[in-house]
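Number of protein chains: 2
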Amino acid sequence: MGEINKNVDALVDEWQFSRNARELQSSIIREILKDSSKPGVINFGGGLPAPELFPVEKIRKACLDVMDKHAVSALQYGLTTGVKELRELIASRMRKQGVEVTTECIQITGGAQQGLDIVGRAFLESDSVVLTETPTYLGALQAFSFYRPKFVSVETDNDGIIPDDVEEKMKKYKPRFIYVVANFQNPTGRCISNKRREALVEIARKYRCPIIDDNPYGELRFSGQHLTPLKAIGPDIVIELGTFSKIISPGLRIGWICSQPSVQTIIERMKQACDLHSNSFTQYVIYEFAAAGHLDPHIETVRKAYSERRDFMVGMMKKHFPKGTTWTEPEGGLFLWVKVAGNLSTSAMLKDAIAAGIAYVPGKFFYSEKADDTTMRLNFCNATNANIEEGIKRLAKVIASAK
Amino acid sequence: MGEINKNVDALVDEWQFSRNARELQSSIIREILKDSSKPGVINFGGGLPAPELFPVEKIRKACLDVMDKHAVSALQYGLTTGVKELRELIASRMRKQGVEVTTECIQITGGAQQGLDIVGRAFLESDSVVLTETPTYLGALQAFSFYRPKFVSVETDNDGIIPDDVEEKMKKYKPRFIYVVANFQNPTGRCISNKRREALVEIARKYRCPIIDDNPYGELRFSGQHLTPLKAIGPDIVIELGTFSKIISPGLRIGWICSQPSVQTIIERMKQACDLHSNSFTQYVIYEFAAAGHLDPHIETVRKAYSERRDFMVGMMKKHFPKGTTWTEPEGGLFLWVKVAGNLSTSAMLKDAIAAGIAYVPGKFFYSEKADDTTMRLNFCNATNANIEEGIKRLAKVIASAK
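Laid out in structure tokens, this is it:
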């Protein structure tokens, strides 16, 4: 990081980059994880889904179907909003989850990450306030940061965001929006409870403050009680970001924004200025994959595999982690959240961890204010049982010997 | 447009959108061309390449090759910079054109349109000055407009941008960059001559002002003298935007930015904040299409077809257009530029034209200052000879009867 920033500083003197560009940092996770790609390092750090579960044969067949049925539309310029068949499919799936939406509310994006950028474009400018959970998704902080907002973090517990603190901060800061990951949050794996969802929507309505619900993991519930989508509770005040990255493939880069018809008018213009429209070809590939009936069975396969890996990792943690270490046991998603005992620093510990052949993301990067450096994020879904066992053993030793 | 903007205005009162979002207009071309999709309307308006030339069978084969050889990489998250094999291919093709570049200078983007947005992000903020050609590409004006720069237009003639005026305006306005389409410009079809290119680079160096050369059409030369790429003349000061949209398919949404290693550091961060990375799958599809040896023969096919259509359209214009109408005869690309006689207004005439079953884009939208409303842009590549003949006849009548 240091070296990169130094070079950039030299450049800034030479050419006139925008202030936003000069001050935007490179992704900390990507920088950290450069070291973790060394041979022999077991990596619980990244946010990658399990590649061995990619439905390769079914996607191959979907490609052929696209070329048979939609070749010209898939290869030509398309509408900014996206491929109609895919938008209809998404709207229909959301309706089954209790969200009242029409196709016109769906804007296709280049993954949910572009959804975050577009929401930032639409709402933020220098010194706008964004409320975030504590901790919150680092990638969202990075996407929004380009627009130079001020982040204010709201207290959370195991039931998610705490309504009284939301209300206090909405009153005090008049935020442009509140950003949450209501389902199996990145990084903690926690959900916002139904009761809290109701309260959050009520407060947001009172202060006319949009809720951005970033929802990449909602369909990956392994166990526990089904929760009502935030967008179903507050269709007028919630903007939901979705993606096929975790339920089919991230390389196809297809996500969506589900807003209100009136907000969609602004969203569509932002998208047009970004890149005209998303990849038509892979929009059709996802549509044909789903139309062939593969989507729900595939999600079930992924759920089952991730559920087993969560169980296995949690089992290994119980067996090997030193006393005083605690963790979340998420009912879905990809991540769990570890807290080490005392005043140990997970960021200081990372160098030893990588030397011992195990990588994670130190928790402190997921805070927009007042970081807790005793935390770390582990991805439980992208490793074999053998690697999970070995990785947790290595990590346990690193934690035990840290001071 | 009016109705949309009215609705948005109402919204702005309700929610706090960013100033940039509120003031960004929807694409004028897309609004105009909504009417032109009526049955029976011959459309010379859009910027679409000819769909009947899409190499459908070869792309289908490339999809299968991707699934055989790169399935996991094509479906997993990828590097922000892009797929290495494709970046190497692009760098190698650019070197053959005389541009000294390494793979690390190539950033993959979601079409050249995202390249424009990323360049805007990197350099522009409120009231930054951008120099543009007269006229200039409307889509670039729209992409840059989000960052609220001030556009200053530089005089041009048939040899492209006029160096003395560039120098005067660089001195006076200290622009963040100058934006040009050096090859077969959109909208005029003109090129900047070699002599002017040399002069432009020299002036840009003197004022340390980057040149953005948007180059979607460079490989589509039908006739005339080969020109040296601007990036070959000024590798230190030119940033070139490229795309596969006009030489393979726009639906695959793959373009690139070729800058300098130092500038690339900033570009990569901008890209990361936009959407992490471009579609891995279609990057590999393009790579496999090219690796199978199909790219150069396909470009030759497209060149030949477009060349014939240009000849045919120009022939029809000579035969049917009223006296006093003039036009460019481009040596490549997709567009030509018509100027009607006297004080006729092509924007006023458009309604009658669409009623007569012929659509074009009024030229006035391509000016960042002082629009010439006697001009129009015609796309000669996306129509059959029969439609070109009929369309030009209709347009000739509309021009002849306009007052």
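Respectively, the protein sequence lines represent chains P and G.
Here my numbering is used: the first residue of the first sequence is 1, the next is one more, and so on.
Here my numbering is used: the first residue of the second sequence is 1001, the next is one more, and so on.
Where a beta carbon is used, it is the ideal one built from N, C-alpha and C, also for glycine.
Do residue j and residue i have their beta-carbon atoms positioned less than 7 Å apart in this structure?
i, j, result
"S27 (chain P)", "L1124 (chain G)", "no"
"V152 (chain P)", "I161 (chain P)", "no"
"G78 (chain P)", "S280 (chain P)", "yes"
"K1150 (chain G)", "D1165 (chain G)", "no"
"Y1137 (chain G)", "N1194 (chain G)", "no"
"A408 (chain P)", "Q1142 (chain G)", "With chain P running from 1 to 403 in the structure shown, residue 408 (chain P) is simply not present."
"N183 (chain P)", "G224 (chain P)", "no"
"S404 (chain P)", "D311 (chain P)", "Since the first residue of chain P shown is 1 and the last is 403, residue 404 (chain P) is not available in this structure."
"G255 (chain P)", "A112 (chain P)", "yes"
"L53 (chain P)", "V302 (chain P)", "yes"
"I1266 (chain G)", "L1241 (chain G)", "no"
"M1317 (chain G)", "I1388 (chain G)", "no"
"P1216 (chain G)", "I1239 (chain G)", "no"
"T132 (chain P)", "T156 (chain P)", "no"
"M270 (chain P)", "I118 (chain P)", "yes"
"V1129 (chain G)", "F1144 (chain G)", "no"
"S1347 (chain G)", "K1364 (chain G)", "yes"
Would you mind telling me which residues of chain C sit closer than 7 Å to residue i, beta carbon to beta carbon, in chain order?
i, result
"P250 (chain P)", "Of the protein chains in the structure, P and G, none is chain C."
Whose CA, out of the options, lies closest to the CA of residue i?
i, options, result
"A1402 (chain G)", "G:E1389, G:I1392, G:G1342 and G:R1377", "G:G1342"
"T1282 (chain G)", "P:G45, P:A74 and P:N382", "P:A74"
"T1102 (chain G)", "G:L1131, G:F1151, G:Q1225 and G:S1262", "G:S1262"
"F177 (chain P)", "P:I42, P:F44, P:F312 and P:L116", "P:L116"
"S249 (chain P)", "P:K38, P:A50 and P:A273", "P:A50"
"P362 (chain P)", "P:L395, P:I388 and P:E331", "P:L395"
"D65 (chain P)", "G:I1059, G:D1068 and G:K1069", "G:I1059"
"P1055 (chain G)", "G:F1222, G:I1090, G:V1181 and G:F1244", "G:F1244"
"W1015 (chain G)", "P:L295, P:L350 and P:D236", "P:D236"
"R1148 (chain G)", "G:M1313, G:L1295 and G:N1020", "G:N1020"
"F1222 (chain G)", "G:K1304, G:K1169, G:A1386 and G:S1092", "G:K1304"
"L1227 (chain G)", "G:E1331, G:C1209 and G:T1156", "G:E1331"
"G1251 (chain G)", "P:E268, P:D275 and P:R269", "P:D275"
"R196 (chain P)", "P:E167, P:P175, P:R208 and P:Y173", "P:E167"
"L1295 (chain G)", "G:R1309, G:I1090, G:V1072 and G:Q1025", "G:I1090"
"K246 (chain P)", "G:M1067, G:V1072, G:E1268 and G:Q1076", "G:Q1076"
"D352 (chain P)", "P:F365, P:K397, P:T326 and P:K364", "P:K397"
"K174 (chain P)", "P:D159, P:R208 and P:V181", "P:R208"
"M1094 (chain G)", "G:T1326, G:S1368, G:H1277 and G:S1259", "G:S1259"
"L220 (chain P)", "P:S307, P:G234 and P:A71", "P:S307"
Quickly, what does DSSP pair residue i with across the bridge? List them, please.
i, result
"I1257 (chain G)", "G:Q1107 and G:L1241"
"F177 (chain P)", "P:V130"
"L378 (chain P)", "P:L336"
"V1154 (chain G)", "G:E1133"
"P362 (chain P)", "P:M376"
"T326 (chain P)", "P:K339"
"R1269 (chain G)", "Paired residue(s): none; R1269 (chain G) is not in a bridge."
"G160 (chain P)", "P:D157"
"N43 (chain P)", "P:A359"
Take residue i and list the residues in its own chain whose beta-carbon comes closer than 6 Å to its own, dropping the five residues that flank it on each side.
i, result
"A1062 (chain G)", "V1285, E1288 and F1289"
"V99 (chain P)", "P229, K231 and A232"
"K206 (chain P)", "none"
"P1322 (chain G)", "I1399 and A1400"
"V12 (chain P)", "Legend: pLDDT at V12 (chain P) = 46, less than 50; position of this residue unreliable, value from coordinates given subsequently. Cβ neighbours of V12 (chain P) beyond the five flanking positions: R22."
"Y1360 (chain G)", "F1044, G1045, M1376 and L1378"
"E88 (chain P)", "T103"
"A1356 (chain G)", "R1394 and V1398"
"R253 (chain P)", "G110 and G111"
With a CB to CB cut of under 7 Å and the five nearest residues on each side skipped, what residues in its chain are close to residue i?
i, result
"A140 (chain P)", "L116, Y179 and D214"
"Q264 (chain P)", "E104, C105 and Q107"
"K69 (chain P)", "none"
"A10 (chain P)", "Confidence is the limiting factor: at A10 (chain P) the pLDDT is only 49, short of 50, which leaves the residue's position unreliable and the question unanswerable from this model."
"T1328 (chain G)", "T1188, G1189, R1190, L1336 and W1337"
"E1390 (chain G)", "I1042"
"P1163 (chain G)", "R1196, A1199, L1200 and I1203"
"L1024 (chain G)", "S1145 and F1146"
"N385 (chain P)", "F312"
Just to confirm my understanding: we take residue i, look at its own chain, exclude 5 residues before and 5 after, and list those with CB closer than 8 Å. What are they?
i, result
"G324 (chain P)", "V340, A341 and G342"
"I1354 (chain G)", "D1035, S1036, K1038 and V1041"
- Examine the Cβ distances between the region 1107-1114 of chain G and the region 1081-1089 of chain G and report whether three or more of them are shorter than 8 Å. At 8 Å Cβ cutoff, the stretches touch.
- Query: Is there contact between the region 1374-1382 of chain G and the region 1322-1336 of chain G, where contact requires at least three CB pairs shorter than 8 Å?
  - Reply: Touching, yes.
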